[in-house]
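Data block below; observations after.
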Amino acid sequence: MEILIDSSSLKVRGEGEWKVKIHGHEKRRGWIKVHVAVDPKTQELIAIEVTDDKVADSTVFPRLIEKSPKTVKAVLADGAYHISSCEKYL
């Protein structure tokens, strides 16, 4: 079994861009990151973690692997995961 791992950010609070352009000020926008592991053949969601925007992708990577089935033989991920703490899984 192979799995794909990646993350995406979602805005959860803050002023809209149009309001900033019109009124000229901006509050800090809040973001969350959704980290997912997916089976590329079935497109089934295997594991998920939700964090704030300050958490690095590579720190969540081992937890996604732990939540995945033991039958996983290959992990595919982008460059954000190509650091020494993740290399043993790739």
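As numbered in our numbering, the sequence shown has no gaps in its residue numbers, which increase by one up to the final residue, 219. Beta carbons are placed, not taken as given, at the ideal position from N, Cα and C, and that holds for glycine.
Alpha-carbon to alpha-carbon, residue j and residue i
i	j	result
C215	H152	44 Å
V179	S136	9 Å
K196	V189	11 Å
D207	K148	35 Å
K199	K150	51 Å
Y210	P191	10 Å
Q172	A203	15 Å
I177	V201	16 Å
CB-CB length for residue i against residue j, believed under 8 Å
i	j	result
V167	L174	6 Å
W160	D186	Not quite, the Cβ-Cβ distance comes to about 13 Å (not below 8 Å), so this is no contact.
V163	L193	About 11 Å; that fails the 8 Å criterion.
Contacting residues, own chain, Cβ-Cβ under 8 Å from residue i (five flanking each side not counted)
i	result
P169	E131, I132, L133, L205
Per-residue burial, residue i [other beta carbons within 10 Å of its own, 16 or more giving buried]
i	result
I212	exposed
Residues near residue i by beta carbon distance below 7 Å, same chain, minus five either side
i	result
V141	G159, W160, I161
Near the ligand MG: residue i beta-carbon under 7 Å from a heavy atom
i	result
E131	This structure lacks the ligand MG; in fact it carries no ligand of any kind.
Inset, instruction - Would you mind listing the alpha helix (DSSP H) stretches within the region 153 to 206 that are 4+ residues and don't spill past its ends, in chain order? - result: 186 to 196
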